[in-house]
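Following the numbering used here, the numbering of the sequence shown begins with 56 at its first residue and continues without gaps.
Every residue, glycine too, gets a C-beta built ideally from N, C-alpha and C.
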Amino acid sequence: MSETVRIAGSVSAANDAIARQNRLFFAAHGLRVLNLISSPGSGKTSILERMALTYGEKLAVITGDIQTTLDADRLKAAGAAAVQIETGGGCHLNAAMIQKALKPMHFEATRLLIIENVGNLVCPSTFDLGELHKVAVLSVTEGDEKPAKYPALFTRADAVIVNKIDLLPYVSFAMARVREDCAKLNSAAKLFPLSCTTGEGFEGWMEYCKGLERLE
Ligand SMILES: Nc1nc2c(ncn2[C@@H]2O[C@H](COP(=O)(O)OP(=O)(O)OP(=O)(O)O)[C@@H](O)[C@H]2O)c(=O)[nH]1
Ligand SMILES: [Mg+2]
């Protein structure tokens with residue numbers, strides 16, 4: 056038992072050391088990086104696709120999936136600069152994967168760098184990648200109790216996107232409960248209810264991102 060704890064501790068310390076190097080890299084390039092985390096299918100790639108309509112290649116994305124380059128393909132087709140990490144079974148990204156992905160990337164045109172983590176509401180929450188902020192994405196079809204049930208992410212997230220609000224008439228989902236539970240877990244977290252499909256609420260999220268853009 057004690058051995059397991061030691062191994063976990065050393066894995067986490069090794070990850071944190073590389074995350075610190077990533078943070079220095081981002082600072083040197085003037086980039087304030089977001090780490091987008093959610094269950095599979097909450098709409099992470101859809102959010103980035105819609106952002107790419109405004110940003111084009113000024114939006115750089117490192118996207119993680121267990122298998123396939125489908126998300127990076129979607130983002131490139133939408134005009135963003137995208138790199139895919141295939142974890143080969145791993146359920147989250149780690150700092151070393153990001154460090155490796157950064158090497159061939161160019162940031163001359165980049166205003167914003169966003170990491171789309173592997174779809175998983177648990178494992179990615181505790182891995183520091185060197186980002187400035189973690190952003191949780193919750194879609195209304197997943198249920199309004201998820202922040203209370205999965206506090207690891209919602210405690211650490213500085214912003215929470217509640218996506219698919221176009222579906223609110225068809226599902227039982229109390230935004231007030233999400234607002235209340237998120238505030239209990241992290242009183243500083245900002246909530247952005249929006250729909251990637253209709254665009255409703257998206258301007259608030261874009262404004263938040265504008266405040267994080269790299270300065271000219
Ligand atoms: N109705 C509705 N559907 C949406 C919205 N946003 C995304 N979707 C749909 O939800 C599905 C999943 O969206 P993705 O953007 O692929 O989700 P993801 O979080 O990137 O998924 P993974 O990368 O597999 O974890 C797709 O069929 C989208 O079209 C929305 O605002 N409203
Ligand atoms: Mg995706």
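Check	Outcome
Where Lys219 falls: helix, strand or coil (DSSP)	coil
Per DSSP, the bridge partner or partners of Ile169	Leu89, Val116
Other residues of its chain near Ser93: CB distance less than 7 angstroms, five sequence neighbours each side excluded	Lys99, Gly174, Leu176, Ala191, Val192, Leu193
beta-carbon Ser97 near ligand 1 non-hydrogen atom, thresh 7 angstroms	yes
Thr100: CB within 7 angstroms of a non-hydrogen atom of ligand 2	yes
Which residues DSSP lists as bridging Ser94, in chain order	Note: Ser94 sits in no beta bridge, so no partner.
Alpha-carbon to alpha-carbon, Arg166 and Leu91	17 angstroms
Own chain residues within Cβ distance below 7 angstroms of Thr196, not counting five before or after	Lys219, Leu222, Val226
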